[in-house]
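Protein chains in written order, with the working numbering: chain F, 8 to 452; chain B, 56 to 544. Heads up, the beta-carbon is just placed ideally off N, CA and C, and yes, glycines get one too. Notes follow once the structure below has been shown.
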């Protein structure tokens, strides 16, 4: 089951290359390119969903603000923990026990049931050398997979797209929201953002204009065509090649705008078609994260050729009154992801979806006087899917005061080892060209 | 570096650039007026804004209300049911006021007599990015906005002192909850990282020590003012940025501003906001030197920026991605139309990614090309339709008739805007002969031109109508606004 799909037929080969699928990095790029164009030109409703079904999908879930790892996977048996957290400590009785030392936060029942059914890996003690306590810098480090002392312009997923997905449809990367995550920043920008598929298109009062008149929509399409080379038709297929062919450096704002304008045009047609095909088939909780995952589920169900989705949940910066806020957030997190996995199962897509969470840092071991915790280090990652190595991975950092680094937990797993594992065993691409050097992959799949 | 723009280079294009950046743009008539003044007087007319009276009244509720606060505080003891109901009322009231406040500010930007003061207020709001999501009080958000406006082009130390004591900020970055025993580090960190020095120009030790020095600063929740509580202050020896003593909170701010990096940090940020994203090191050094020479006052620095040849460099002009606020307010000014009703305008801005008084986080909006994603670009194009025609386009295909009722609800009279008055933008003669329409609109809306192919497209659109009416002209305007070019200023 964990075998990579092998390419047996030309048909499969075509699909895989079109979707910058499993082995496209082994295919000479001009070939991949040619096939992707052929495929795009032949694109029809019948093949699109089928091809989508071949490839693995990664869903990145950002827990923004710096989640307090200690009260997420709770070392309830540790005296150091109880001592450092006189107000915030969660008791052995209240946590959802994983073993005789650790338990999930009581509101993580969604994750507990995934854990029990072998669909959740918990990676403990995740971080990087010279941890930075700034939200923004640390987020940047996670998004670009850079060393703490180096500024990197492109995101780790952006570099993956640059390396492995040249010539892809813009919807190879989909962000749910309004602002592109830095993780997607690429030399050749790809990816689309959306949150409401109904409104994701050029709308006009004029749709019923008389036949002989030029419609507003037709004029919009022409106005947003970046150069004469795109003249032969702007149906979803034809322009895929155009995007790949002419790739001006992403320097000037106008170049950037023109590219986004074209991607918007191409992807809005596709997305409308795709979302009209699939609904949600699981009970989701109410909330923004659940809504985002519901949309992801519909896009997957409808066969969008996306390799990476990005969703986020904010609010983890709990400097004050942490308990209520974190309880609410973790409940939403666990319940939403659980519902999403159920939806995937009903769709028959469970086997090819992996959800990976991250947060820019953990928090200080010692609670502060405002019933909260300040910025610290030592984080956690969750990886959910049918094919994960379920259970506790890595090891829980020591809380003994002598083992702390400036009052913070010490990491033992570099997050880039997790990225390397996901790139190699899930996205089937060598990780070193993307992460800058070879990190020993932590195999969570 | 930073040479003075010669008067010979002053023309319609440079005047338009000045008005776009130091304000929110304007009509061809307003631009002509600035062009006639010459650079020095044109810049002075914007920078010396105190000389123009601003009679805009404050919102009626913009004052402390101790009685209400006491009532709210007493609620903690009330019965659950009563508490629930009063909290709901309070939330409704705050929502209503926030909507008014957003409308009030947008109105100042679109119609007020001091465009640069409002532009600076917007700069400071993005810089000291504070969100009502946590502050939850419209009066405090107004009060902070008023502080930004009052000190907009004043002194840097004074601004930092006022912001540190600002009630909304005390809540936003948790200073209100900091105690001597366990100082809360949130404000101490951000004041160095995001407000005054930048990441890498302070140590973790500086953060923890500054947090100690800030203890004692708190919030009187009834009077809604900053309150200093000596008993909460840690009066031990602290060491911040190389200075060691029993530092008070104001000592820390002075020590921060005394760093050479402080002048570089804020002058570079101003250049990025007003001019271009990548100033050279030499330019930053020059800006910082001028800022320090002027005793850390902003007004001389702003004047120097707007009078510099560098500010009018071809690589700077029309190379900035409009922020959603610039897009909305600028469009309203150029189209000589009304702002949409406040509820609508704020929702529009939120959809475009700039919810006023609710920035995504304390770093504010990243700006530049990050304003633009496929999602927000399509939203701009669609909201252009709303601005120009006064009606929201429906997200429905023509064959989805059962949804007509929803369409009608969307466009209820109180939710409608006012359509653009075409006669203000195009004279009768211009409307009669199609040839001049596109160049006239280009001059008004872009102060520059489209690509030849795009012009042909717009012309073809008009030509396919035998006698274009106002609806057709409005759609032409909307189409011009639905181009990559229109997103730049």
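Short Cβ contact (8 Å threshold) for residue i with residue j
| i | j | result |
| --- | --- | --- |
| residue 161 of chain F | residue 427 of chain B | no |
| residue 200 of chain B | residue 176 of chain B | yes |
| residue 79 of chain F | residue 416 of chain F | no |
| residue 492 of chain B | residue 529 of chain B | no |
| residue 396 of chain F | residue 450 of chain F | yes |
| residue 324 of chain F | residue 135 of chain F | no |
| residue 198 of chain B | residue 223 of chain B | yes |
| residue 292 of chain F | residue 346 of chain F | yes |
Cβ shell of residue i (< 6 Å), same chain only, five flanking positions each side left out
| i | result |
| --- | --- |
| residue 354 of chain F | 308 |
| residue 384 of chain B | 79, 164 and 165 |
| residue 434 of chain B | 406 and 407 |
| residue 400 of chain B | 161 and 394 |
| residue 398 of chain B | 154 |
| residue 355 of chain B | 349 |
| residue 201 of chain F | 207 |
For residue j and residue i, the rounded distance between their alpha carbons
| i | j | result |
| --- | --- | --- |
| residue 115 of chain F | residue 195 of chain F | 39 Å |
| residue 406 of chain B | residue 199 of chain F | 16 Å |
| residue 501 of chain B | residue 265 of chain F | 16 Å |
| residue 416 of chain B | residue 184 of chain B | 7 Å |
| residue 85 of chain B | residue 65 of chain B | 15 Å |
| residue 67 of chain B | residue 428 of chain F | 58 Å |
| residue 126 of chain F | residue 104 of chain F | 17 Å |
| residue 41 of chain F | residue 312 of chain F | A caution first: residue 41 of chain F carries a pLDDT of 37, below 50, which makes its placement in the model too unreliable to give a value. |
| residue 130 of chain B | residue 114 of chain B | 27 Å |
| residue 276 of chain F | residue 208 of chain F | 7 Å |
| residue 225 of chain F | residue 499 of chain B | 24 Å |
| residue 20 of chain B | residue 110 of chain B | One cannot answer for residue 20 of chain B here, as it falls past the ends of chain B, which runs 56 to 544. |
| residue 621 of chain B | residue 284 of chain B | No answer is possible for residue 621 of chain B: it lies beyond the span of chain B, which begins at 56 and ends at 544. |
| residue 108 of chain F | residue 82 of chain F | 6 Å |
| residue 67 of chain F | residue 182 of chain F | 9 Å |
| residue 188 of chain F | residue 229 of chain B | 27 Å |
| residue 256 of chain F | residue 156 of chain B | Model confidence at residue 256 of chain F stands at a pLDDT of 35, short of 50, so the residue's coordinates are unreliable; what they give is reported in the following sentence. Cα to Cα, residue 256 of chain F sits roughly 42 Å from residue 156 of chain B. |
| residue 152 of chain B | residue 193 of chain B | 6 Å |
| residue 58 of chain B | residue 340 of chain B | 14 Å |
Residue i versus the options, residue with shortest Cα-Cα distance
| i | options | result |
| --- | --- | --- |
| residue 440 of chain B | F:137, F:227 and F:277 | F:227 |
| residue 294 of chain F | F:344, F:275, F:372 and F:305 | F:344 |
| residue 203 of chain F | F:396, F:391, F:286 and F:298 | F:298 |
| residue 351 of chain B | B:60, B:311 and B:178 | B:311 |
| residue 314 of chain B | B:297, B:301 and B:324 | B:297 |
| residue 170 of chain F | F:414, F:440 and F:407 | F:440 |
| residue 195 of chain B | B:342, B:121, B:174 and B:182 | B:121 |
| residue 421 of chain B | B:367, B:408, B:267 and B:262 | B:408 |
| residue 480 of chain B | B:435, B:505 and B:443 | B:443 |
| residue 544 of chain B | B:367, B:247 and B:518 | B:367 |
| residue 327 of chain F | F:380, F:193 and F:372 | F:380 |
| residue 225 of chain B | B:235, B:254 and B:276 | B:276 |
| residue 385 of chain F | F:411, F:377 and F:393 | F:411 |
| residue 388 of chain B | B:71, B:127 and B:58 | B:71 |
| residue 83 of chain B | B:386, B:402, B:535 and B:508 | B:386 |
| residue 290 of chain B | B:251, B:74, B:170 and B:267 | B:267 |
| residue 103 of chain B | B:380, B:334, B:507 and B:353 | B:353 |
| residue 102 of chain F | F:86, F:119, F:146 and F:90 | F:119 |
Beta-carbon contacts of residue i that lie in its chain and below 8 Å, excluding the five residues immediately before and after
| i | result |
| --- | --- |
| residue 433 of chain F | 63, 65, 361 and 452 |
| residue 99 of chain F | 83, 84 and 110 |
Neighbourhood of residue i by C-beta, 7 Å cutoff - its chain only, sequence neighbours within 5 removed
| i | result |
| --- | --- |
| residue 281 of chain F | 306, 309, 310 and 311 |
| residue 240 of chain F | At residue 240 of chain F the pLDDT is 34, less than 50, meaning the model places this residue with poor confidence; the figure from the coordinates comes in the next sentence. Correct list: empty, nothing qualifies. |
| residue 62 of chain B | 93 and 94 |
| residue 74 of chain B | 80, 81, 85, 86 and 89 |
| residue 268 of chain F | 231 |
| residue 513 of chain B | 493, 531, 534 and 535 |
Within chain A, partners of residue i - CB distance below 8 Å
| i | result |
| --- | --- |
| residue 229 of chain F | Reference to chain A is not applicable here, since the protein chains of this structure are F and B. |
* In chain order, each alpha helix (DSSP H) run of at least 4 residues that lies wholly inside the region 132 to 188 of chain F -> Runs of the alpha helix (DSSP H) inside the region 132 to 188 of chain F: 142 to 151 and 163 to 171.
* Asked: Which ranges would you report for the alpha helix (DSSP H) in the region 113 to 176 of chain B if only whole runs of at least 4 residues count?
  -> With a minimum length of 4 residues, the continuous alpha helix (DSSP H) runs that stay inside the region 113 to 176 of chain B are 121 to 129 and 135 to 166.
* Could you tell me which uninterrupted alpha helix (DSSP H) segments, each at least 4 residues in length, are contained entirely in the region 241 to 326 of chain B, listed from first to last along the chain? => The alpha helix (DSSP H) runs of length 4 or more contained entirely in the region 241 to 326 of chain B are, from start to end of the chain, 241 to 245, 259 to 269 and 304 to 313.
* To do: List in chain order: all unbroken beta strand (DSSP E) runs of 3+ residues lying wholly within the region 387 to 429 of chain F.
  => Taking only runs of at least 3 residues, the beta strand (DSSP E) segments lying wholly in the region 387 to 429 of chain F are 398 to 400.
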